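2 protein chains.
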Amino acid sequence: MKVSAQEEYGLRCLLQLAPLGEGEYLTLTQIAEREGISTANAGKLLWILNKAGLVSSIRGTKGGYRLARSAAEIHLDEIIKVLDEDVLASHCNSYTGILDACIHTGNCGIRPVIVGLHDVVRRAMAGITLAQLLGTESNVETTLHQINSLSRETAHRRA
Amino acid sequence: MKVSAQEEYGLRCLLQLAPLGEGEYLTLTQIAEREGISTANAGKLLWILNKAGLVSSIRGTKGGYRLARSAAEIHLDEIIKVLDEDVLASHCNSYTGILDACIHTGNCGIRPVIVGLHDVVRRAMAGITLAQLLGTESNVETTLHQINSLSRETAHRRA
DNA sequence: TCTAATCTTGACTAAAAAGTAAGGTATCCG
DNA sequence: CGGATACCTTACTTTTTAGTCAAGATTAGA
Chain A
8 MKVSAQEEYG LRCLLQLAPL GEGEYLTLTQ IAEREGISTA NAGKLLWILN KAGLVSSIRG
68 TKGGYRLARS AAEIHLDEII KVLDEDVLAS HCNSYTGILD ACIHTGNCGI RPVIVGLHDV
128 VRRAMAGITL AQLLGTESNV ETTLHQINSL SRETAHRRA
Chain B
8 MKVSAQEEYG LRCLLQLAPL GEGEYLTLTQ IAEREGISTA NAGKLLWILN KAGLVSSIRG
68 TKGGYRLARS AAEIHLDEII KVLDEDVLAS HCNSYTGILD ACIHTGNCGI RPVIVGLHDV
128 VRRAMAGITL AQLLGTESNV ETTLHQINSL SRETAHRRA
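As given, the protein sequences belong to chains A and B, one line each in that order.
In my numbering, each residue's number is its place in the first sequence (first place is 1) plus 7.
In my numbering, each residue's number is its place in the second sequence (first place is 1) plus 7.
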């Protein structure tokens with residue numbers, strides 16, 4: 008399993024916009040430089056995020072990008088879905104409902120694994136917001152604990 | 008996030024070998040036909056699994072492949088690691104220790120997310136064996152419940 | 001209005017993953 | 001021994017993903 012480059016850098020761009028105050032904007036150049044990617048590449052990512060309603064933009068001099076909503080209202084699962092097919096996709100997208108494309112339809116040995124993992128990942132991501140990712144460096148342990156707790160709570164609720 | 012084709016079909020191949028009895032073998036042709044992939048493709052996957060010690064093979068007439076160990080002793084996390092880089096890889100492999108390749112070293116906003124997700128996925132996979140995936144169709148719910156339970160138990164143990 | 005700064009968009013190029021082809025090697029069996 | 005079967009290995013082709021380029025459109029301010 009792999010986190011795609013688009014998911015990773017899209018998330019990084021959002022993370023740069025998250026701490027901005029009211030009326031503040033970052034330009035493509037600023038965002039790209041901080042992440043070490045080209046402005047062309049950053050532009051493509053931000054356009055995807057813009058189209059999906061996660062960021063808003065202003066053109067022209069003094070223009071730039073900002074979050075379309077509060078960082079506390081943007082959850083990780085939504086971000087990942089916007090930047091890629093789903094929080095967890097497979098070659099044989101059994102769980103999306105597109106069953107026709109799969110020759111194993113009706114007797115697929117790995118379907119339960121993929122459905123299960125998809126659920127675990129989705130629930131973990133749904134419990135994390137952009138705002139929670141803001142701190143620096145030392146919050147690795149905090150976030151990890153948070154993801155694990157979330158996983159536990161949701162499992163309890165289902166039981 | 009995506010499950011690669013190699014991971015998916017490699018797992019499917021193992022799942023075919025899992026129910027074989029002592030001294031039984033499946034040939035490349037048999038495996039490939041059941042999965043709807045070419046023998047060349049199946050051969051590549053089985054070679055990877057063989058090299059990693061998950062399956063063993065016999066050449067010549069009456070030859071074929073079988074599991075190198077009992078299906079109950081092969082866990083999902085090991086399978087996925089063999090078929091791909093890790094249970095969860097990212098463009099910026101912060102969690103693998105290869106920190107130099109990342110310009111965000113020391114101040115990486117998304118590192119906690121990736122480390123956390125990596126842990127959630129690894130624990131879920133470590134709790135599933137090939138033997139548990141053997142049944143057909145109707146065990147989707149069983150496996151899903153199993154993954155969730157595992158997630159819960161492990162979280163408790165850590166707390 | 002003119003100009004510089006900035007986002008927008010589609011087409012192009014490069015890199016990685018997936019899949020294919022072909023010749024090599026080992027084993028069985030007559 | 002010799003042919004048939006089946007795995008082993010490397011190199012190649014195709015497809016997908018990632019990244020780049022360049023021309024267009026919009027806004028602020030002089």
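Backbone N, C-alpha and C define an ideal beta-carbon position, used for all residues, glycine too.
Just so we're clear, the structure is a prediction, and the values are computed from it rather than from any experiment.
Cβ shell of B:ILE135 (< 6 Å), same chain only, five flanking positions each side left out: Excluding positions up to five away in sequence, the list reads LEU83.
Selection from A:HIS98, A:LEU140, A:ASN48, A:VAL94 that minimises the alpha carbon distance to B:VAL128: The shortest Cα separation from B:VAL128 among A:HIS98, A:LEU140, A:ASN48, A:VAL94 belongs to A:VAL94.
Test: A:GLY116 CB closer than 8 Å to a CB of chain B: Closer than 8 Å to some Cβ of chain B, the Cβ of A:GLY116 qualifies, so yes.
N- and C-terminal bounds of the beta strand (DSSP E) containing B:TYR72: It spans 71-74 - the beta strand (DSSP E) in which B:TYR72 sits, taken as one unbroken run.
Same chain, Cβ closer than 6 Å to A:THR42, five either side skipped, listed in chain order: In the sequence as presented, Thr is not what sits at residue 42 of chain A; that position holds Glu. The residues ARG19, in chain order, have a CB closer than 6 Å to that of A:GLU42 in the same chain once the five nearest residues on each side in sequence are set aside.
B:HIS82 - DSSP class collapsed to helix/strand/coil: Residue state for B:HIS82 is assigned as strand, using DSSP reduced to three classes.
Selection from B:LEU137, B:ILE55, B:LYS69, B:GLN37 that minimises the alpha carbon distance to B:GLY30: Proximity to B:GLY30 across B:LEU137, B:ILE55, B:LYS69, B:GLN37 peaks at B:LYS69, based on C-alpha coordinates.
Residues from the segment 76-100 of chain B in contact with chain A, defined by Cβ distance under 9 Å: Those residues of the segment 76-100 of chain B that come within reach of chain A (Cβ to Cβ, closer than 9 Å) are LEU83, ILE87, ASP91, GLU92, ASP93, VAL94, LEU95, ALA96, SER97, HIS98, CYS99.
Validate contact between the segment 66-80 of chain B and the segment 116-126 of chain B using beta carbons, cut 8 Å, 3 pairs: Contact fails: fewer than three Cβ-Cβ distances are below 8 Å.
Residues near B:LEU24 in its chain [Cβ-Cβ closer than 7 Å; skip 5 each side]: Contacts found: LEU33, VAL62, TYR72, ARG73, LEU74.
Between the CA atoms of B:GLU15 and B:GLY50 - distance to the nearest angstrom: In this model, B:GLY50 and B:GLU15 are separated by some 15 Å (Cα to Cα).
Exposure of B:ARG66, with buried meaning 16 or more beta-carbon neighbours within 10 Å: Looking at its Cβ environment, which holds fewer than 16 other Cβ atoms inside 10 Å, B:ARG66 is exposed.
B:ILE38: first and last residue of the uninterrupted alpha helix (DSSP H) it sits in: Start and end: 35-42.
Nearest candidate by alpha-carbon position, reference A:ALA78, set A:ALA12, A:MET8, A:LEU22: Comparing Cα positions, the closest option is A:LEU22.
Residues bridged to B:SER97 [DSSP beta-bridge criterion]: Paired residue(s): A:VAL10.
Span separating the alpha-carbon of A:SER145 from that of A:GLN139: Any reading at A:SER145 must be qualified, since the residue scores a pLDDT of 45, below 50, and its modelled position is unreliable; no value is offered.
Bridge partner(s) assigned by DSSP for A:ILE65: Answer is A:GLY71.
CB contact flag (B:LYS9, A:SER97, <8 Å): The Cβ atoms of B:LYS9 and A:SER97 lie closer than 8 Å to each other.
Rounded Cβ spacing between A:ILE55 and A:LEU90 (contact assumed at less than 8 Å): That belief holds up - the Cβ atoms of A:ILE55 and A:LEU90 are roughly 7 Å apart, short of 8 Å.
Proximity test, Cβ basis, 8 Å: B:GLU12 and chain A: The sequence shown places Ala at residue 12 of chain B, rather than the Glu named in the question. True, the Cβ-Cβ gap to chain A drops below 8 Å.
Residue-level contact to chain A via CB, B:VAL127, 8 Å cutoff: Nearest CB-CB separation between B:VAL127 and chain A: below the 8 Å threshold.
Buried/exposed call for B:ALA47, threshold 16 Cβ in 10 Å: Residue environment: B:ALA47 is assigned as exposed (fewer than 16 neighbouring CB atoms within 10 Å of its CB, all protein chains considered).
Exposed unless 16 or more other CB atoms sit within 10 angstroms - verdict on A:PRO26: By the neighbour-count rule (16 or more Cβ atoms within 10 Å), A:PRO26 is not buried but exposed.
Residues bridged to B:THR136 [DSSP beta-bridge criterion]: The secondary-structure analysis by DSSP pairs B:THR136 across a beta bridge with B:HIS82.
Within chain B, the residues that A:ARG73 reaches when beta carbons sit closer than 8 Å: For A:ARG73, there are no C-beta contacts with chain B under 8 Å, since the nearest C-beta of that chain is about 17 Å from it.
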